[in-house]
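Notes for the one structure printed next.
2 protein chains.
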Amino acid sequence: MPDLLTIGEISRRSGVAASALRFYEERGLIASERAGSGHRRYPRPVLRRIAFIVFAQRVGLSLEEIGAELARLPPDRAPTRRDWSRLSRGWSGRIDHRIAELERLKAGLTECIGCGCLSLDRCRLSNPDDRAARIGPGPRYWMGDRPLAG
Amino acid sequence: MPDLLTIGEISRRSGVAASALRFYEERGLIASERAGSGHRRYPRPVLRRIAFIVFAQRVGLSLEEIGAELARLPPDRAPTRRDWSRLSRGWSGRIDHRIAELERLKAGLTECIGCGCLSLDRCRLSNPDDRAARIGPGPRYWMGDRPLAG
DNA sequence: AGTAAGCTTGAAGTCAAGTCCAACCCGTGA
DNA sequence: TCACGGGTTGGACTTGACTTCAAGCTTACT
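Structure representation (structure tokens):
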């Protein structure tokens, strides 16, 4: 019994839809071998990779960022715990930033809205960071995507 | 000088793009009067409404949810501070939930990933609440939805 | 042997939150 | 007079992260 699982098994074990798994594969986040029939066969360690992806998404990374992280894993050998934790080293700061923003917003709930002084200047003050790095078309991330000039 | 502002003025003062303001109006989140020319004219208090929208978005509400909140404002008179703060009463808990989740994720950074035991069961343990209320088509948010951005 | 469950592909659809565009109107200043 | 900076509209497009679909093949069970 070689340790190879079908996409359905992986889906059931990971809780991630089969269509999403195919999508991740297309995006290069995971890989599969193929049975003679053309059906995907996943080596068991892919489950850890998927767990990492899901975890990273919860932290707030995009699939593109996650892909970049995964690309830093050693290609020649199985990743160790150290390899995995190296990837997520920077996340702590990211999480802290978001928590800090949420704390500010919570304060604004009483200070800004509660006191009736709710204004964009004040709200803007409440989140000077987390600037979206996106330019061009597509959804902009209001409150921080453009300089304070407004 | 009647207290009516053009869309350009509102956009400049709020930092929200004119196209977004039209979009909010289409969605019923804000309203405008019209000049004889057909041009929008916004009464000044709309700025507070917009500030509320932007704030609520940062907290993690969708425009649909925000619209539902705004609909609870008294239609017959100008909203008081009390009216505004009543709307955001529930947000504190919501923010706390998200902060708690981020804390769990941060812990998982060392416990789950660091120790090498990273698994979906454990990660799932790390956020048993905030379960997605969505069914049907559209992106599913594995592992507890993603109620609050980033 | 037959059938149902499971897998394949590429293309198209979905959803939110907007943006972008073309074609047009309107008022002001040189 | 006429260019210019604003407005208007509807419809198409964008992005990210998927899902859904159709048509056809494979595997598992009875």
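Protein sequences, first through last, are from chains W and Y. Numbering-wise, my numbering puts 44 at position 44 of the first sequence, and it's gapless, one number per residue. If you count the second sequence from 1, you need to add 150 to reach my numbering. For each residue, glycine too, the CB sits at the ideal point set by N, CA and C.
Where the region 225-240 of chain Y meets chain W: residues whose CB sits under 7 Å from a CB there: Hits within the stretch, in order: 231, 234, 235, 238.
Length of the line joining the Cα atoms of residue 102/W and residue 187/Y: Using only the alpha carbons, I get a separation of about 43 Å.
Member of 166/Y, 228/Y, 223/Y whose CA lies at the smallest distance from the CA of residue 200/Y: Nearest C-alpha to residue 200/Y: 166/Y.
Exposure of residue 79/W, with buried meaning 16 or more beta-carbon neighbours within 10 Å: buried
Short Cβ contact (7 Å threshold) for residue 69/W with residue 87/W: yes
Any chain Y beta carbon closer than 7 Å to residue 5/W: no
Span of the beta strand (DSSP E), counted from its first residue to its last, around residue 41/W: 40-43
Beta carbon proximity, residue 252/Y to chain W, threshold 7 Å: yes
Partners in chain Y for residue 95/W, counting only beta-carbon separations shorter than 7 Å: 252, 255, 256
Listed by chain order, chain Y residues near residue 109/W by CB distance under 7 Å: Those within 7 Å of residue 109/W in chain Y are 238, 241, 242.
Own chain, CB closer than 6 Å to residue 244/Y, minus 5 neighbours either side, in chain order: none
Neighbour list for residue 59/W in chain Y, Cβ cutoff strictly below 7 Å: 255
Residue 105/W and residue 248/Y closer than 7 Å at C-beta: no
Buried versus exposed, by CB contacts within 10 Å (16 or more), residue 60/W: buried
Buried or exposed (CB count within 10 angstroms, at least 16 for buried), residue 258/Y: Using a 10 angstroms sphere on the CB of residue 258/Y, the tally of other CB atoms reaches 16 or more, which defines it as buried.
Cβ neighbour criterion (16 or more within 10 Å) applied to residue 206/Y: buried
Residues near residue 8/W by beta carbon distance below 7 Å, same chain, minus five either side: 18
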